[in-house]
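Protein chains in written order, with the numbering used here: chain A, 1 to 299; chain B, 1 to 346. Note sheet for the following structure.
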């Protein structure tokens, strides 16, 4: 009997792992229902961004004058805008823009912040003091103001929007990472690395940074949501992505300024998309924080 | 005024084994490490100093093991960290193989670091949890250019693991997959990876349970013979020190109070603090233990921020006379090779 079951267990090794994974996901959903909802939004958004071209028959940029401002119906589920472009198509392609800018800016900001924060904690002393006071100065400005200031200096365009969103993220992440790295600095394996004669850069990047991954990942997901919102704000103010690139903030601007009463679908759907995306990433980030922070795990 | 005079005399009277040039591998001369105690958030000012190490001098000959013992907080770990150049001393010299490490620029210091390695107390926090054991041993060899060929490095990693009594397959494991004793062996293998001449063992066995302790101590002894190593063995467990060390220095509140050959120190302790310390070691024989007169110290260790004047031990000392609170006793050589910092013994 026992021999048989051992053999059987050995044979179906893989199928056993899969239910385990599903059970784990299921228990995760039960413990973090909001986080799971956020996760679903994130996955759907990534899917939409990746397969926008297959999900809709329309072109997001080409004008179609016979379909101008048609209200939502069977052919155009979310209606069309003043140039006859399908709103659903533009929302899907907009997810691509939003995700691209969001992911690039968030990972750039979080990574640079990680390095700066760990370096600040590692060197300590005057270096730490100066870096942290500069961080204070940056944190005194609201995100939007700072991003606007950067775009105003550099001019609009996708690349500059990314820079504008990255800059205010760096000090935020640096501050959070530094507090974790300070505790790390006193741990013997960092001393061991110094005694082994490793360079400062190697100790910071290879020995300390990988051990502050928890706050880093939390900041990263939170930043993606924030970056999407910031990009929408900048585009709405006309300082971000430029027409005809499909971007949610830009669609909201066009819709809200001229057609809010006559054709509300122009602004409702991109607005919903922004809300959902930011909401999704924030919930996902919150759940991630609870999961990665052992102090909160019991809750 | 008092301190510098004491310092220079201690330097003149340095232990007798070292005058032969090239014999002593490490020499520590009047080492001081004071940590400032600061107050205030924005405008910080020093309100005092913790004199963790205050004028320590000793030398270690090649192939020798010097034990450094004392209570928690007496500065023995700080002394070790200064030797390792993990802390910059406030003053004093650390001369290794004829080179003063304090005067070396950072870039040259990195090259010197491979000769002096460390084994830490806690086997859990001394290994990077995100690194495989193999990577941990590979990295130092790669950085210092000890072996440029990757496959030969892999063979050497297997060798190092074997020397330290671990199977080769551990190279692919993470620290959390191993026990405390196994981790400590990895720590030793890592220290050996750079072919050091000198190893600071900072309480290297005190976090392990007794049976593992014995194994690791034997391993350290075997390695000393095999690789011609020199140890600075920092510990608070006197029986371990007795077993492993050729000479022993006893520290109290940042100063060395007694320094002698291991046999001499354990057989004939002279300083009242050493006597009290030795009498606290239990004897594993209930009959002897019951007959023995215990000499217990009264009071607590004073704060190193505000040490007592004169001899730092006088408030707790049984032999203390009036003069002890006034002048600081120097380390005197009362017998050949037996140095005691006390005016009341002879």
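All C-beta atoms in this analysis are idealised placements derived from N, C-alpha and C, irrespective of residue type, glycine included. No experiment lies behind these values; they were computed from the predicted model shown.
### Task
Taking all protein chains shown into account, decide if residue 20 of chain A is buried (16 or more other Cβ within 10 angstroms of its Cβ) or exposed.
As a first step, residue 20 of chain A is located in the first chain; it is residue number 20 there, counting from the start. With fewer than 16 Cβ atoms within 10 Å of its Cβ, residue 20 of chain A is classed as exposed.
#### Entry: Buried versus exposed, by CB contacts within 10 Å (16 or more), residue 294 of chain B
Locating residue 294 of chain B in the second chain gives position 294, where the first residue counts as 1. Per the 10 Å Cβ criterion, exposed.
### Task
Starting from the Cα of residue 133 of chain B, find the closest Cα among B:115, B:190, B:297 and give me that residue.
The residue you call residue 133 of chain B lines up with position 133 of the second chain. That would be B:190, whose Cα lies nearest to the Cα of residue 133 of chain B.
### Task
For my contact list, residue 80 of chain B and residue 127 of chain B are in at a C-beta cut-off of 8 Å; report their separation, rounded to the angstrom.
Along the second chain, one-based indexing puts residue 80 of chain B at 80. Along the second chain, one-based indexing puts residue 127 of chain B at 127. In fact, because the Cβ distance is near 19 Å, the residues do not count as touching under 8 Å.
### Task
Can you say whether residue 13 of chain A is buried or exposed, counting buried as having 16 or more other CB atoms within 10 angstroms of its CB?
The residue labelled residue 13 of chain A in the question sits at position 13 within the first chain. Bear in mind that the predicted position of residue 13 of chain A carries a pLDDT of just 43, short of 50, making it unreliable; the figure below should be weighed with that in mind. With fewer than 16 other Cβ atoms within 10 Å, it is exposed.
### Query
Near residue 249 of chain B, what residues of its chain come up, given a Cβ to Cβ distance below 6 Å and the 5 sequence neighbours on each side ignored?
Translated into positions along the second chain, residue 249 of chain B becomes position 249. 58, 68, 256, 259, listed in sequence order.
#### Entry: Min CB distance residue 160 of chain A to chain B below 8 Å
Walking along the first chain from the start, residue 160 of chain A turns up at place 160. Chain B contact via Cβ: absent.
### Query
chain A partners of residue 89 of chain B, CB-CB under 8 Å?
Translated into positions along the second chain, residue 89 of chain B becomes position 89. Here the premise fails: no neighbours, minimum Cβ distance about 16 Å.
### Message
I'd like to know if residue 198 of chain B contacts chain A, where contact means its C-beta is closer than 8 Å to some C-beta of that chain.
### Response
Counting from one through the second chain, the residue named residue 198 of chain B turns up at place 198. It does not; no Cβ of chain A falls within 8 Å.
### Query
Among the residues of its own chain, which have a CB less than 6 Å from the CB of residue 335 of chain B, if the five just before and after it don't count?
Here residue 335 of chain B refers to the residue found at position 335 of the second chain. Taken in chain order, the list of residues that qualify is empty.
### Message
Pull the bridge partners of residue 178 of chain B from the DSSP assignment, please.
### Response
By one-based count along the second chain, residue 178 of chain B stands at place 178. For residue 178 of chain B, which the question treats as bridged, DSSP gives no partner whatsoever.
### Message
Given this structure, state the Cα-to-Cα distance separating residue 220 of chain B from residue 317 of chain B, to the nearest angstrom.
### Response
Within the second chain, numbered from 1, the residue matching residue 220 of chain B stands at position 220. Within the second chain, numbered from 1, the residue matching residue 317 of chain B stands at position 317. Between residue 220 of chain B and residue 317 of chain B, the C-alpha separation is close to 36 Å.
### Query
According to a CB-to-CB cut-off of less than 8 Å, which residues of the stretch 169-201 of chain A neighbour chain B?
187, 188, 189, 191, 192, 193, 194, 195, 196, 197, 198, 199
### Message
Assuming residue 161 of chain A and residue 241 of chain A are in contact, meaning their beta carbons sit under 8 Å apart, how far apart are those beta carbons, in whole angstroms?
### Response
Along the first chain, read from residue 1 onward, the residue named residue 161 of chain A stands at position 161. Along the first chain, read from residue 1 onward, the residue named residue 241 of chain A stands at position 241. Contact holds; Cβ gap of about 6 Å.
### Task
For my contact list, residue 66 of chain B and residue 232 of chain B are in at a C-beta cut-off of 8 Å; report their separation, rounded to the angstrom.
Position 66 of the second chain holds residue 66 of chain B. Position 232 of the second chain holds residue 232 of chain B. With a Cβ gap of about 6 Å, residue 66 of chain B and residue 232 of chain B count as contacting.
#### Entry: Beta-carbon proximity of residue 265 of chain A to residue 94 of chain A, cut-off 8 Å
Position 265 of the first chain, counted from the start, is the residue given in the question as residue 265 of chain A. Position 94 of the first chain, counted from the start, is the residue given in the question as residue 94 of chain A. Contact flag unset, no.
### Task
Quick one: residues in its chain with C-beta nearer than 7 Å to the C-beta of residue 208 of chain A, no 5 flanking neighbours on either side, listed in chain order?
Working through the first chain from its first residue, we reach residue 208 of chain A at position 208. Excluding positions up to five away in sequence, the list reads 118, 122, 181, 184, 190.
### Task
Check residue 365 of chain B in the structure and name its three-state DSSP category.
Residue 365 of chain B lies beyond the residue range present for chain B, which begins at 1 and ends at 346; the question has no answer from this structure.
#### Entry: Buried/exposed call for residue 78 of chain B, threshold 16 Cβ in 10 Å
Along the second chain, read from residue 1 onward, the residue named residue 78 of chain B stands at position 78. Buried.
### Task
Would you verify that the beta carbon of residue 314 of chain A is, or is not, closer than 8 Å to some beta carbon of chain B?
Lying outside 1 to 299, the shown extent of chain A, residue 314 of chain A is not represented and no answer is given.
### Message
Residues of the stretch 132-163 of chain B in Cβ contact with chain A at a cutoff of 7 Å, in chain order, please.
### Response
140, 143, 144
### Query
Is the Cβ of residue 207 of chain A closer than 8 Å to any Cβ of chain B?
One-based indexing of the first chain puts residue 207 of chain A at position 207. Yes, contact with chain B.
### Task
Could you tell me the distance, in whole angstroms, from the CA atom of residue 198 of chain B to the CA atom of residue 247 of chain B?
Numbered from its first residue, the second chain carries residue 198 of chain B at position 198. Numbered from its first residue, the second chain carries residue 247 of chain B at position 247. Taking the straight line from one Cα to the other gives about 16 Å.
### Message
Against chain A, does residue 122 of chain B count as a neighbour if the rule is that its beta carbon must be under 8 Å from one of theirs?
### Response
As a working mapping, residue 122 of chain B is identified with position 122 in the second chain. Closer than 8 Å: yes.
### Message
Please list, in chain order, the chain A residues whose beta carbon lies closer than 7 Å to that of residue 234 of chain B.
### Response
Along the second chain, one-based indexing puts residue 234 of chain B at 234. Within 7 Å Cβ-Cβ: nothing; residue 234 of chain B doesn't reach chain A, min ~13 Å.
### Query
Between residue 146 of chain A and the rest of its own chain, which residues show a CB-CB distance below 6 Å, the 5 nearest in sequence each way excluded?
What you label residue 146 of chain A is simply residue 146 of the first chain in a count that begins at 1. Counting only Cβ-Cβ distances below 6 Å, and skipping sequence neighbours, we find 168.
### Task
Report the rounded CA-to-CA distance for residue 91 of chain A versus residue 41 of chain B, giving the unit in angstroms.
Here residue 91 of chain A is taken as the residue at index 91 of the first chain, counted from 1. Here residue 41 of chain B is taken as the residue at index 41 of the second chain, counted from 1. About 51 Å.
### Query
Whose CA, out of A:232, A:136, A:175, lies closest to the CA of residue 336 of chain A?
Outside the shown range of chain A (1 to 299) lies residue 336 of chain A, about which nothing can therefore be said.
### Message
Beta-carbon within less than 8 Å of residue 32 of chain A's beta-carbon, same chain only, minus the 5 sequence neighbours each way: which residues are those?
### Response
What you label residue 32 of chain A is simply residue 32 of the first chain in a count that begins at 1. Excluding residues within five positions, the ones whose Cβ falls inside 8 Å are 287, 290, 291.
### Query
Which residues in the same chain as residue 21 of chain B place their Cβ atom closer than 7 Å to its Cβ, once the five residues preceding and following it in sequence are excluded?
As a working note, residue 21 of chain B is residue 21 in the second chain. Low confidence applies to residue 21 of chain B: its pLDDT is 41, below 50, so where it sits in the model is not reliable, and the reading given next is rough at best. Excluding sequence neighbours, residue 21 of chain B sits near nothing in its chain.
### Message
By the DSSP assignment, the beta strand (DSSP E) with residue 92 of chain B in it spans what residues?
### Response
Here residue 92 of chain B refers to the residue found at position 92 when the second chain is read from its first residue. Start and end: 91-96.
### Closer than 7 Å at the beta carbon, the chain A residues around residue 84 of chain B
Walking along the second chain from the start, residue 84 of chain B turns up at place 84. The answer, in chain order, is 195.
#### Entry: Residue interval of the alpha helix (DSSP H) (run including residue 236 of chain A)
For the purposes of this step, residue 236 of chain A is taken as the residue at position 236 of the first chain. Counting along the chain, the alpha helix (DSSP H) containing residue 236 of chain A begins and ends at 213-236.
### Contact under 8 Å by Cβ, residue 223 of chain B with residue 281 of chain B
Start at 1 with the first residue of the second chain, and residue 223 of chain B comes out as number 223. Start at 1 with the first residue of the second chain, and residue 281 of chain B comes out as number 281. No.
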